[in-house]
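Everything below concerns the one structure shown next.
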């Protein structure tokens, strides 16, 4: 979650590319979108068992668009808390919540903190300032095994 959406996408894509064997993705990997999902269907997906594998991946992209995060009610928070406290151990749920962080005082955030791993891209060590951008771009290009060619016609 957080404001640095690049990192959220990068982590999510890495998990999608590597967590499930390519041959089993059609059975054991679901990519859902916040606008089209509700918390009950996500929990249902998490509770279903993998097929021909010991693990399943559920990724919720653009989770900030879910009504659950916009105006969650106590019943849905309780439902989700119950799942977080006793998750299906064969499922990995990745929630990509972009552009802002959850209220750290909320019951929902405290439940996430207690029962899961939170990667917050809003933290100061993840921010990229203007003076750091050239170094950051070079590092990204190097990680992709590419070379950066700067045109002299700029």
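Residue numbers (the numbering used here): 14 to 167. A virtual CB, placed ideally from N, CA and C, is assigned to each residue, including glycine. Quantities reported herein were computed from a predicted structural model and do not represent experimental measurements.
Bounding residues of the alpha helix (DSSP H) (the contiguous stretch that carries residue i)
{"i": "residue 145", "result": "Premise fails: residue 145 is in no alpha helix (DSSP H) and is neither H nor E."}
{"i": "residue 92", "result": "87-98"}
{"i": "residue 29", "result": "18-31"}
{"i": "residue 82", "result": "80-83"}
{"i": "residue 53", "result": "52-60"}
CB contact flag (residue i, residue j, <8 Å)
{"i": "residue 73", "j": "residue 109", "result": "yes"}
{"i": "residue 194", "j": "residue 52", "result": "The requested residue 194 does not occur in the structure, where the chain is confined to residues 14 to 167."}
{"i": "residue 135", "j": "residue 114", "result": "yes"}
{"i": "residue 68", "j": "residue 33", "result": "yes"}
{"i": "residue 70", "j": "residue 105", "result": "yes"}
{"i": "residue 40", "j": "residue 64", "result": "yes"}
{"i": "residue 48", "j": "residue 75", "result": "yes"}
{"i": "residue 66", "j": "residue 37", "result": "yes"}
{"i": "residue 25", "j": "residue 107", "result": "yes"}
{"i": "residue 124", "j": "residue 94", "result": "yes"}
Buried versus exposed call for residue i [16 or more other C-beta atoms within 10 Å across all chains shown]
{"i": "residue 145", "result": "exposed"}
{"i": "residue 81", "result": "buried"}
{"i": "residue 179", "result": "With the chain covering 14 to 167 only, the question about residue 179 has no answer from this structure."}
{"i": "residue 126", "result": "exposed"}
{"i": "residue 150", "result": "exposed"}
{"i": "residue 43", "result": "buried"}
{"i": "residue 54", "result": "exposed"}
{"i": "residue 14", "result": "buried"}
Cα-Cα separation, residue i to residue j
{"i": "residue 116", "j": "residue 16", "result": "14 Å"}
{"i": "residue 99", "j": "residue 160", "result": "47 Å"}
{"i": "residue 101", "j": "residue 60", "result": "6 Å"}
{"i": "residue 19", "j": "residue 112", "result": "10 Å"}
{"i": "residue 118", "j": "residue 57", "result": "27 Å"}
{"i": "residue 90", "j": "residue 120", "result": "8 Å"}
For residue i, the first and last residue of its enclosing beta strand (DSSP E)
{"i": "residue 69", "result": "69-74"}
{"i": "residue 43", "result": "42-46"}
{"i": "residue 121", "result": "Not the beta strand (DSSP E): residue 121 falls in the alpha helix (DSSP H), residues 120-128."}
{"i": "residue 108", "result": "104-108"}
DSSP bridge partner residues for residue i (one or two, in chain order)
{"i": "residue 111", "result": "15"}
Contact test: residue i Cβ vs the ligand SAH heavy atom, cutoff 7 Å
{"i": "residue 122", "result": "Among the components modelled here there is no ligand, and therefore nothing to report on the ligand SAH."}
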